[in-house]
Amino acid sequence: MQVTEIFYSLQGEGLFLGIPAVFLRLNGCNLRCKWCDTKYALDPKNARQMTIDEITKIIKKYPAKHLVITGGEPLLQQKEILSLIKKLKNYYIEVETNGTIKSTLDNYVDLYSCSPKLAHAKTLNLPLQKFPGKKTFYKFVIEHPANIEEVKNFIRKYKIKKSRVLLMPLGTKEKELKERSKWLAELCKKEDLRFSPRLQITLWGTTRAR
Numbered sequence: 001m002q003v004t005e006i007f008y009s010l011q012g013e014g015l016f017l018g019i020p021a022v023f024l025r026l027n028g029c030n031l032r033c034k035w036c037d038t039k040y041a042l043d044p045k046n047a048r049q050m051t052i053d054e055i056t057k058i059i060k061k062y063p064a065k066h067l068v069i070t071g072g073e074p075l076l077q078q079k080e081i082l083s084l085i086k087k088l089k090n091y092y093i094e095v096e097t098n099g100t101i102k103s104t105l106d107n108y109v110d111l112y113s114c115s116p117k118l119a120h121a122k123t124l125n126l127p128l129q130k131f132p133g134k135k136t137f138y139k140f141v142i143e144h145p146a147n148i149e150e151v152k153n154f155i156r157k158y159k160i161k162k163s164r165v166l167l168m169p170l171g172t173k174e175k176e177l178k179e180r181s182k183w184l185a186e187l188c189k190k191e192d193l194r195f196s197p198r199l200q201i202t203l204w205g206t207t208r209a210r
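For what it's worth, this note's numbering labels the leading residue of the sequence shown as 1, then goes sequentially.
And the structure:
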């Protein structure tokens with residue numbers, strides 16, 4: 001597999017906020033978002049070719065049984081992911097994806113954390129693929145209050161249940177996140193949508209491999 005990094009930390013976003021997890025960050029992505037905070041995972045120079053056995057050995061060093069497979073865009077390496085998952089019995093498998101690549105891993109993944117890109121990402125406007133409803137949550141990065149209209153359009157177009165939607169403030173600096181979080185929290189209350197902070201920024205800033 002083309003791997004950028006493997007590390008042990010707390011899940012900083014989404015449904016499992018705060019739980020210990022092993023993160024497998026794969027290299028490569030089919031999108032180029034303007035505000036991407038993991039651009040180092042897009043550069044092939046930062047990729048390390050690793051065997052499934054090498055990756056499995058590292059993952060099993062840590063006590064947590066929750067694995068987050070992220071990127072970049074991990075679904076670019078589905079064949080390799082499947083081989084890895086089959087070696088990780090009793091692990092909870094969470095895949096973070098931008099939602100533009102069809103997954104063949106539905107029977108093996110416990111949760112898709114899908115982050116569709118809004119217009120402010122200024123990247124390719126690719127259609128959202130279909131993911132299993134009971135296994136998928138949708139996390140939208142919000143820059144301005146007006147972004148909520150685009151989120152509503154996604155919900156209507158793809159028939160997403162509001163209970164499966166999370167809104168998260170854009171930002172990589174604590175002050176910036178705090179300011180956006182205040183009005184976004186109120187927006188979530190108004191629209192009856194779940195709020196997600198970025199715990200990793202609060203705790204560690206932009207430091208890698210926590």
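By construction, the Cβ of each residue, glycine as well, lies at the ideal position given by its N, Cα and C atoms.
Values in this document were obtained by computation on a predicted structure and should not be read as measured data.
- Under the 10 Å beta carbon count, residue 73 is surrounded by 16 or more other beta carbons and is classified as buried.
- At the C-beta level, residue 112 and residue 135 come within 7 angstroms of one another.
- For the pair residue 37 and residue 90, the Cα-to-Cα distance works out to about 31 angstroms.
- Residue pairing of residue 169 in beta bridges, as defined by DSSP: 142.
- The C-alpha of residue 119 is placed about 38 angstroms away from the C-alpha of residue 58.
- In the DSSP assignment, residue 195 forms a beta bridge with 167.
- Just so you know, the alpha carbons of residue 85 and residue 154 end up roughly 30 angstroms apart.
- If you check the CB distance, residue 115 and residue 139 come in under 7 angstroms.
- Closest by C-alpha distance to residue 188, out of 68, 131, 28, 168, is 168.
- Taking C-beta atoms as the reference points, residue 24 and residue 69 count as a pair closer than 7 angstroms.
- Residue 182 and residue 137 have their C-alpha atoms roughly 23 angstroms apart.
- Residue 2 and residue 39 have their C-alpha atoms spaced approximately 15 angstroms apart.
- With a threshold of 16 other beta carbon atoms within 10 Å, residue 121 meets it and is buried.
- Taking a cut-off of 8 angstroms for Cβ pairs, the region 164 to 180 and the region 193 to 203 touch, as three or more such pairs fall below it.
- In the three-state DSSP reduction, residue 112 falls in the strand class (E or B).
- With a threshold of 16 other beta carbon atoms within 10 Å, residue 142 meets it and is buried.
- Across the set 145, 158, 49, the C-alpha of 158 shows the shortest separation from the C-alpha of residue 129.
- Straight across, the Cα-Cα distance linking residue 193 with residue 104 is about 29 angstroms.
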